[in-house]
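Q: Questions regarding the structure given below will be posed in turn.
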């Protein structure tokens, strides 16, 4: 499709007409850009122990009295530049969120497709598992997965496996909504005549699922995935805040908020407030973008 | 069409039930039994090579289910279906069945649902060629798709477009091209024109008759519209509540309808010539198929029903080339 | 005249430009008369009906022309005034009887509510009237069925209830949009008979919108044939059906299959009009039908024909100038 075509299609049109969507997109792009380019943008590498200077700890933001221009948003208890930790933290938050969503999406879409297309016992089994899982809060499942992984793995490898375990934990708690949505749409598509036509032609079931049904059920999945990224980032932050997420040596936004929380009441507010603002901005903009996408793709609301 | 033409498709006492019970938990709690819907019950007929057999009836009479049983979208609950002498309803002979199934294709009712919206038209038309492994060479496939599109009145360039760029009639042409690309001998057409405007319907009906003559196709044509059927069918079967009530040569059926239901259907056809022909007003509605009336299922609406009709199920009785399932016809009362 | 429509033009103003869906449509309906409006999808017949009831959804709007109900202009009324006319003076019957009824209320409740909204009656009196209406539309045992919910009725019976609902306030005009399309052939015939009888008994004007010439032939007194948002031909039903003048009507009539069985194998092909109804963004110049018309000439391509007398009909075709 050429540029003219993209510019004029309905989605682009609705985007151009929605100031909220544009603002959300700009913020999202800034957040993602900042996170991806952290090594080049950040004044300091907060993971590099050599560059840290404990004497510089608790420096307030640059515009406050005693603030240093080197540390625009101040430093934390270990002398790390808060702006740099936020940029690197957002990188981890976004990465974990996106990976968890991808994991949930692949598992959920696969199971939903099988469940909806094959029906019968397979459907009953997958959906009962989903029902049972839905009766536990997502955060509880994530805590459970995390706990099990910690017990199963030797203690010295905890920090290394922390991030994969976190991705698995958040992903596992999120696949159900994909499975349910895809199952519903699959059951609708399966009875449409183009699928019956493919069956009459003699296509085997898995080829029909993959080539005919899947492309037609992906629309709502993309909307869910966008909104789910925001939720996944929040879940990650919550887990890290509770101390079961990423280790403090490689902090995500949630870890930063937890670290800063201890100093909140002793006057060093910036250590927790700036990561907090970053988290809210990131989640809010992704969420608004997802909301807009849902409305734009829903023909009934148009 | 002479009756000497060999039989291509044969249905013998075919039945299909659907389980329409409430979910298991509801059944246990509410104490309701399983419920079966006899969508098709004891249907037997044969289609001869090169002819068009039409099945007509109102919604819920089972005509579409018969179509889906034949092409294998449903498995029959009872009875046998034979294609060219080979049984295709028995799951244990799946290799032979698959071989027979390649020789039939289906055209669906809704031109907006029967084409995958995300596929290009050329991929849609080429699908049977690839799945049935008819041609390997890409150039040959493209040439064949172009030929098929031309054959149904489209242009080869239309292959590059997506289905939403076409009108209902054009989409139905694409559907026909797809069905033909598998080189079938037998086409099952399930209400192929009922979603189309009349002038487009005429185009499609003409196209289908022309293709039949050119390619020597055999059609099973499902429709609710007797007037449409009169333009394409050699023989006509009338269905009511899952059963075949009459089957006859088209000319015979229109000239001398036997079964009271056939007569009623003919009377319901609007008088477009405004000839003022005498018609009996139609009475009653199709009963709920979940609790069909005892005896002849048509008896509550039938002006000729007597006690026997209310108690005893009539069977299809052949007389010359015509069969009807009606006690009144058998007894010579009508 | 109960309904007079003059030079009605309906436009859709979208970001792709203005689409003209109905263009210069004029007709009128007398008391007790059934006017059939027939055409294929995209002809603008349903939009015309929707505009008369005042339910055009944006971006659709009436861009020109007027609609008069018993002499009073109703196309420019504010929403609230139009709402009072709908149901009271204009009754509407739509294609799908299931969605026209609220599944959560019994048919009795819906009838009584509609009667009391439009007529100044007590509850008991309204119920009496509801029963009388159900009886009139041919529902057996109305005393028992009045307390049933819509899903307890069959399709045909449901459409009868919808008709009763449209008749609640004795409207002067009834707009029936494809009232029989969702029904089986045998039920269709019954509903047609009912509509015809009601129009006669109540002296209401009926605008019957359908794609089915058979329904028109059975019910209508006059018929308007629409093509690409314009009236191609309008006249007494017998004349239009048996002696159509406009080439589109001729083609349309020829393409309708009629029960006629050839004795030998070869069925005579149906008359077919090649091509398709133009899209709204590409309506041809001059006569909108000229690219599909076998008899078109120079003038058809450049000048737009207005309906003018040809026999007993009005025909928008230069052949009859």
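Chains as they are written, first to last, in the working numbering: chain A, 471 to 772; chain B, 69 to 402; chain C, 1296 to 1616.
Ideal placement from N, C-alpha and C gives every residue a C-beta, glycine not left out.
#1: Please check if any C-beta of chain A sits within less than 8 Å of the C-beta of residue 176(B).
#2: Nearest-angstrom Cα distance between residue 652(A) and residue 685(A)?
#3: Exposed or buried, what is residue 674(A) when buried is set at 16 or more other beta-carbons lying within 10 Å of its beta-carbon?
#4: Mind pulling the alpha helix (DSSP H) runs of 4 or more residues that sit fully within the region 277–314 of chain B?
#5: Can you say whether residue 585(A) is buried or exposed, counting buried as having 16 or more other CB atoms within 10 angstroms of its CB?
#6: Compare the C-beta of residue 314(B) against all C-beta atoms of chain C and say whether one is closer than 8 Å.
#7: Three-state secondary structure (DSSP) at residue 1443(C)?
#8: So residue 1419(C) is in the beta strand (DSSP E); what residue range does that whole segment cover?
#9: Taking the C-alpha atoms as reference points, what is the distance between residue 606(A) and residue 99(B)?
#10: Which complete alpha helix (DSSP H) runs does the region 1467–1536 of chain C hold, if anything under 4 residues is left out?
#11: Between 660(A), 600(A), 681(A), which lies nearest to residue 648(A) when the distance is taken from Cα to Cα?
#12: Of all the options 504(A), 665(A), 707(A), which has the alpha carbon lying nearest to the alpha carbon of residue 141(B)?
#13: Who are the Cβ neighbours of residue 268(B) in its own chain at under 7 Å, not counting the five residues just before and after it?
#14: State the start and end residues of the unbroken beta strand (DSSP E) segment that holds residue 1317(C).
#15: Assign residue 1598(C) to buried or exposed, taking buried as 16 or more other Cβ atoms, counted over all protein chains shown, within 10 Å of its Cβ.
#16: For residue 247(B), collect the residues of the same chain with a Cβ closer than 7 Å to its Cβ; drop the 5 residues on either side in sequence, then sort them by chain order.
#17: Keeping to the same chain, check which residues put their C-beta closer than 6 Å to that of residue 1474(C); ignore five residues upstream and five downstream.
#18: For chain B, find out if any of its Cβ atoms is closer than 8 Å to the Cβ of residue 672(A); answer yes or no.
#19: So what does residue 317(B) bridge to, in DSSP terms?
#20: Output needed for residue 1437(C): all residues of its chain with C-beta closer than 6 Å, excluding positions within five of it in sequence on either side, in chain order.
#21: Indicate whether at least one CB of chain B lies closer than 8 Å to the CB of residue 1553(C).
#22: Give the secondary structure of residue 1604(C) by DSSP, where H, G and I count as helix, E and B as strand, and everything else as coil.
#23: Can you list the residues of chain B that residue 1571(C) reaches, using a CB-CB cut of under 8 Å?
#24: Specify the secondary structure class of residue 630(A) as computed by DSSP and reduced to three states.
#25: Would residue 1479(C) pass as an interface residue toward chain B - the criterion being a Cβ-Cβ separation below 8 Å?
#26: Below 8 Å on the Cβ atoms is my guess for residue 551(A) versus residue 509(A); work out the distance and round it to an integer in Å.
#27: Along the chain, where does the alpha helix (DSSP H) that runs through residue 147(B) open and close?
#28: Might you give, ordered along the chain, the residues of its own chain that have their beta carbon closer than 8 Å to the beta carbon of residue 82(B), omitting 5 neighbours on each side?
#29: Compute the distance between the beta-carbons of residue 1334(C) and residue 1585(C), then report whether it is under 8 Å.
#30: Between which residues of its own chain and residue 240(B) is the CB-CB distance below 6 Å, once the five residues before and five after are set aside?
#31: Tell me, which residues are paired with residue 1331(C) by DSSP?
#32: Flag this pair as touching only if the region 1369–1378 of chain C and the region 1455–1474 of chain C have three or more C-beta atom pairs under 8 Å; answer yes or no.
#33: Under 8 Å Cβ-Cβ, which residues of chain B neighbour residue 1546(C)?
#34: Grab the span of the beta strand (DSSP E) containing residue 81(B) for me, first residue to last.
#35: Residues in the region 682–708 of chain A with C-beta within 7 Å of chain B's C-beta atoms, listed in sequence order?
#36: Give the interface partners of residue 1564(C) over in chain B, defined as CB-CB distance under 9 Å, in chain order.
A: From the atom records:
#1: In the second chain, the residue the question calls residue 176(B) occupies position 108. At a cut-off of 8 Å between C-beta atoms, residue 176(B) counts as an interface residue with respect to chain A.
#2: Residue mapping note: residue 652(A) aligns to position 182 of the first chain, counting from 1. Residue mapping note: residue 685(A) aligns to position 215 of the first chain, counting from 1. The alpha-carbon atoms of residue 652(A) and residue 685(A) are separated by roughly 11 Å.
#3: Counting from 1 along the first chain, the entry for residue 674(A) is found at position 204. It is exposed - the Cβ of residue 674(A) has fewer than 16 other Cβ atoms within 10 Å.
#4: 294–300
#5: Locating residue 585(A) in the first chain gives position 115, where the first residue counts as 1. That one is buried.
#6: Here the question's residue 314(B) lines up with position 246 in the second chain. Contacts with chain C at 8 Å (Cβ-Cβ) do not include residue 314(B).
#7: Taking the third chain and counting its residues from 1, the one referred to as residue 1443(C) is at position 148. Annotated three-state conformation of residue 1443(C) is coil, per DSSP.
#8: In the third chain, residue 1419(C) corresponds to position 124, counting from 1. Taken as a continuous stretch (DSSP letters only), residue 1419(C) belongs to no beta strand (DSSP E), being part of the alpha helix (DSSP H) at 1418–1431.
#9: Along the first chain, read from residue 1 onward, the residue named residue 606(A) stands at position 136. Along the second chain, read from residue 1 onward, the residue named residue 99(B) stands at position 31. So the two alpha carbons sit approximately 32 Å from each other.
#10: 1480–1497, 1508–1514
#11: Start at 1 with the first residue of the first chain, and residue 648(A) comes out as number 178. Closest by alpha carbon: 600(A).
#12: Counted from its first residue, the second chain places residue 141(B) at position 73. Ranking the options by Cα distance to residue 141(B), first place goes to 665(A).
#13: Numbered from its first residue, the second chain carries residue 268(B) at position 200. So the qualifying residues of the chain are 236, 237.
#14: Sequence index remark: in the third chain, residue 1317(C) carries index 22 (1-based). Residue 1317(C) -> beta strand (DSSP E) spans 1312–1324.
#15: Residue 1598(C) sits at position 303 when you count from the first residue of the third chain. By the 10 Å Cβ count, residue 1598(C) comes out exposed.
#16: Counting from 1 along the second chain, the entry for residue 247(B) is found at position 179. If you ignore the 5 residues before and after residue 247(B), its C-beta comes within less than 7 Å of the C-beta of 173, 174, 175, 255, all in its own chain and listed in chain order.
#17: In the third chain, counting from the first residue as 1, residue 1474(C) sits at position 179. So the list reads 1388, once near-sequence residues are dropped.
#18: For the purposes of this step, residue 672(A) is taken as residue 202 along the first chain, with counting starting at 1. Yes, its Cβ sits closer than 8 Å to a Cβ of chain B.
#19: Along the second chain, read from residue 1 onward, the residue named residue 317(B) stands at position 249. 303(B), per the DSSP bridge assignment.
#20: Position 142 of the third chain, counted from the first residue, corresponds to residue 1437(C). Counting only Cβ-Cβ distances below 6 Å, and skipping sequence neighbours, we find 1426, 1429, 1430.
#21: Start at 1 with the first residue of the third chain, and residue 1553(C) comes out as number 258. Yes, residue 1553(C) lies at the interface with chain B (some Cβ there is under 8 Å from its Cβ).
#22: Locating residue 1604(C) in the third chain gives position 309, counting from the first residue. Per DSSP, reduced to three states, the secondary structure at residue 1604(C) is strand.
#23: One-based indexing of the third chain puts residue 1571(C) at position 276. Here the neighbours are 235, 237, 238, 268.
#24: The sequence position of residue 630(A) within the first chain is 160, counting from 1. DSSP places residue 630(A) in helix when its eight states are reduced to three.
#25: Within the third chain, numbered from 1, the residue matching residue 1479(C) stands at position 184. Interface residue, yes.
#26: Here residue 551(A) is taken as the residue at index 81 of the first chain, counted from 1. Here residue 509(A) is taken as the residue at index 39 of the first chain, counted from 1. Their Cβ separation, rounded to whole angstroms, is 13 Å, which puts residue 551(A) and residue 509(A) out of contact at 8 Å.
#27: Reading the second chain from its first residue, position 79 is the one you call residue 147(B). Run containing residue 147(B): none in the alpha helix (DSSP H); it sits in the beta strand (DSSP E), 146–151.
#28: By 1-based counting over the second chain, the position of residue 82(B) is 14. Answer for residue 82(B): 108, 110, 111, 112, 134, 137, 144, 146, 147, 148, 149, 157, listed in chain order.
#29: As a first step, residue 1334(C) must be located in the third chain, where it is residue number 39. As a first step, residue 1585(C) must be located in the third chain, where it is residue number 290. No, the pair does not count as a contact, with Cβ atoms beyond the cut-off.
#30: The residue labelled residue 240(B) in the question sits at position 172 within the second chain. Excluding positions up to five away in sequence, the list reads 179, 272.
#31: In the third chain, the residue the question calls residue 1331(C) occupies position 36. Residue pairing by DSSP places residue 1331(C) opposite 1503(C), 1518(C) in a beta bridge.
#32: no
#33: One-based indexing of the third chain puts residue 1546(C) at position 251. Under the 8 Å cutoff, chain B gives 267.
#34: Start at 1 with the first residue of the second chain, and residue 81(B) comes out as number 13. Residue 81(B) -> beta strand (DSSP E) spans 75–87.
#35: 682, 685, 686
#36: Locating residue 1564(C) in the third chain gives position 269, where the first residue counts as 1. Neighbours of residue 1564(C) on chain B, chain order: 270, 273, 274, 277, 278, 299.
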